[in-house]
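Below is one structure, written out as structure tokens; the observations come after it.
Shown next as structure tokens:
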């Protein structure tokens with residue numbers, strides 16, 4: 152059973168991560184950026200689609216692996232409209248839509264990867280500071296697939312069924328654009344207790 156102190160502590164980490172991401176995105180775009188973590192859940196991996204309320208939709212996923220004393224993974228999930236809005240913000244109208252049948256053009260995908268990297272870096276940096284650990288991260292890997300397939304193909308690389316991920320339900324607002332995203336943080340299974348002990352100890 153996960154204690155209230157753990158959930159409160161995780162929410163605080165989410166809020167701090169959002170603040171860091173806001174500053175980085177504002178510096179990059181020159182625009183006013185708002186980001187809010189509205190809810191935090193601890194979910195078994197196979198239950199994540201139900202927890203985020205998306206079971207069969209195709210989405211964009213950005214997977215980042217982090218290594219160090221508390222290794223794990225971060226997966227950012229975006230709807231196609233949200234991914235396109237992010238790309239439009241980053242590209243500032245330099246590109247008109249995707250290439251042919253592609254969900255995103257090469258430039259749009261690159262822009263989404265860059266912003267996804269900023270968001271995940273913020274979460275990883277805050278976790279590293281909270282636990283006073285050194286963490287390094289890989290470049291983001293891009294995927295477009297059904298959400299269950301993205302989760303299986305990314306988080307399953309570093310976990311087994313039955314393990315937990317921390318789910319941050321987030322919303323980003325830039326000028327007149329609203330972007331919903333879910334950020335999943337998954338410490339490696341043998342390190343999850345370290346997270347609990349930090350808040351409940």
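In this note's numbering, the protein residues as written are 152 to 352.
Beta carbons are placed, not taken as given, at the ideal position from N, Cα and C, and that holds for glycine.
Going by DSSP, what residues sit across from residue i in a beta bridge?
i, result
"residue 330", "323"
"residue 293", "213"
"residue 222", "Looking at the DSSP assignment, residue 222 forms no beta bridge with any residue, so it has no partner."
"residue 194", "316"
Which word fits residue i, buried or exposed, when buried means at least 16 other C-beta atoms lie within 10 angstroms of its C-beta?
i, result
"residue 313", "Below a pLDDT of 50, predicted positions are generally treated as unreliable, and residue 313, at 47, falls in that range; the measurement from the model is reported next regardless. Classification of residue 313: exposed, given that the 10 Å Cβ count is below 16."
"residue 271", "buried"
"residue 220", "exposed"
"residue 169", "buried"
"residue 326", "exposed"
"residue 172", "buried"
"residue 192", "buried"
"residue 241", "buried"
"residue 198", "exposed"
"residue 260", "buried"
"residue 267", "buried"
"residue 200", "buried"
"residue 290", "exposed"
Closer than 6 Å by C-beta to residue i: which residues in its own chain qualify, once you throw out the five before and the five after it? Chain order, please.
i, result
"residue 233", "330, 331"
"residue 263", "234, 237, 238"
"residue 205", "298"
"residue 322", "187, 331"
"residue 175", "269"
"residue 216", "224, 289"
"residue 346", "338"
"residue 286", "217, 219, 275, 279"
If distances are taken between C-alpha atoms only, which option among the options comes closest to residue i?
i, options, result
"residue 186", "295, 336, 257, 237", "237"
"residue 194", "288, 348, 343", "343"
"residue 288", "274, 333, 202", "274"
"residue 159", "317, 203, 242, 339", "317"
"residue 334", "177, 224, 174", "224"
"residue 256", "163, 295, 319, 328", "295"
"residue 228", "345, 319, 340", "319"
"residue 162", "179, 180, 190, 181", "190"
For residue i, which residues of its own chain have a beta-carbon under 7 Å away from its beta-carbon, when the five flanking residues on both sides are left out?
i, result
"residue 166", "188"
"residue 284", "219, 220, 221"
"residue 202", "192, 194, 318"
"residue 164", "277, 278, 281"
"residue 207", "297"
"residue 328", "236, 240"
Go through its chain and collect everything with a Cβ distance to residue i's Cβ below 8 Å, but skip five positions before and after it.
i, result
"residue 183", "177, 325, 326"
*May I ask you to verify whether the region 297-304 touches the region 205-214, counting CB pairs closer than 8 Å and requiring at least 3?*
Verdict: yes, contact present.
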